[in-house]
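J.: Okay, here's the structure, questions in a sec.
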Amino acid sequence: MRICLQPAGPIELPEATIGFLRRHVQLRFAFETGGVLAGFLRKDDVWVISHPMQPSPRNRAGRFWLKRNRGDAQKFVDDVYYETGGIVNYLGEWHTHPEPTPSPSGEDRKMFRDLFRTSRLEIHFLIGVIVGTSGTLCVWCQQCDGGFASAIVR
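Position 145, counted from 1, in the sequence shown is what this note's numbering calls 161; the numbers after and before it change by one each time, with no gaps.
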């Protein structure tokens, strides 16, 4: 599935990535879960989210919040970067929400602002995916200057 979100431009979610994300729907009264997203810029200028991270068992979470394990996330990004000869790199984050049609919360947007402030990134935007209880995905993009766009994938 391809969507276009500025400032990233075209973003492709392969069926394998969509299937992976939908397998992590947050069940009733369960805690949030999530991880990082890695991918690459294809020659036709489409960002492909090719490597979603499995949730780490060392993540901390509650029904309405998630703090992913930074060390496990960095190891995942390092591993896919080296395994692909530097083609695949960090693009953003994914997590679940306990609502059918999710949207980024103020905390989600703040997390991206904090990542821009504290991380060395090769891109000027981050991509987020939130998985709703219905399997609906909210794909969003936030620019380092605060620009924001989102789309729903049913």
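Ideal Cβ placement from N, Cα and C applies to all residues, glycine included.
Please look up how many angstroms separate the CB atoms of residue 154 and residue 120, rounded, as I've assumed it's under 8 Å.
T.: On the sequence shown, position 138 is the one that residue 154 refers to. On the sequence shown, position 104 is the one that residue 120 refers to. That pair is a contact at about 7 Å.
J.: Which stretch, first to last residue, makes up the beta strand (DSSP E) that contains residue 176?
T.: Nothing about residue 176 can be reported from this structure: the residues present for the chain run from 17 to 170 only.
J.: Using the Cβ count rule (16 or more neighbours within 10 Å means buried), how would you classify residue 143?
T.: Translated into positions along the sequence shown, residue 143 becomes position 127. When all chains shown are included, residue 143 counts as buried.
J.: For residue 104 versus residue 67, is the C-beta spacing smaller than 7 Å?
T.: Position 88 of the sequence shown, counting from 1, holds the residue named residue 104. Position 51 of the sequence shown, counting from 1, holds the residue named residue 67. Yes. Within cutoff.
J.: Identify every run of the alpha helix (DSSP H) within the stretch 26-110, keeping only runs that are complete inside it and at least 4 residues long; order them along the chain.
T.: 31-38 and 86-99
J.: By DSSP, does residue 21 sit in helix, in strand, or in coil?
T.: Counted from its first residue, the sequence shown places residue 21 at position 5. In the structure shown, residue 21 sits in a strand (DSSP, three-state: E or B).
J.: Between the alpha carbons of residue 58 and residue 26, how many angstroms are there, rounded?
T.: Here residue 58 is taken as the residue at index 42 of the sequence shown, counted from 1. Here residue 26 is taken as the residue at index 10 of the sequence shown, counted from 1. Going by the C-alpha atoms only, they are around 10 Å apart.
J.: Going straight from the alpha carbon of residue 161 to that of residue 169, what length do you get?
T.: Position 145 of the sequence shown, counting from 1, holds the residue named residue 161. Position 153 of the sequence shown, counting from 1, holds the residue named residue 169. About 25 Å.
J.: Which runs of the beta strand (DSSP E) spanning at least 3 residues fall entirely within the stretch 122-150, listed in chain order?
T.: 141-147
J.: Count the other CB atoms within 10 Å of the CB of residue 50; is the residue buried (16 or more) or exposed (fewer)?
T.: Working through the sequence shown from its first residue, we reach residue 50 at position 34. Residue 50 comes out buried.
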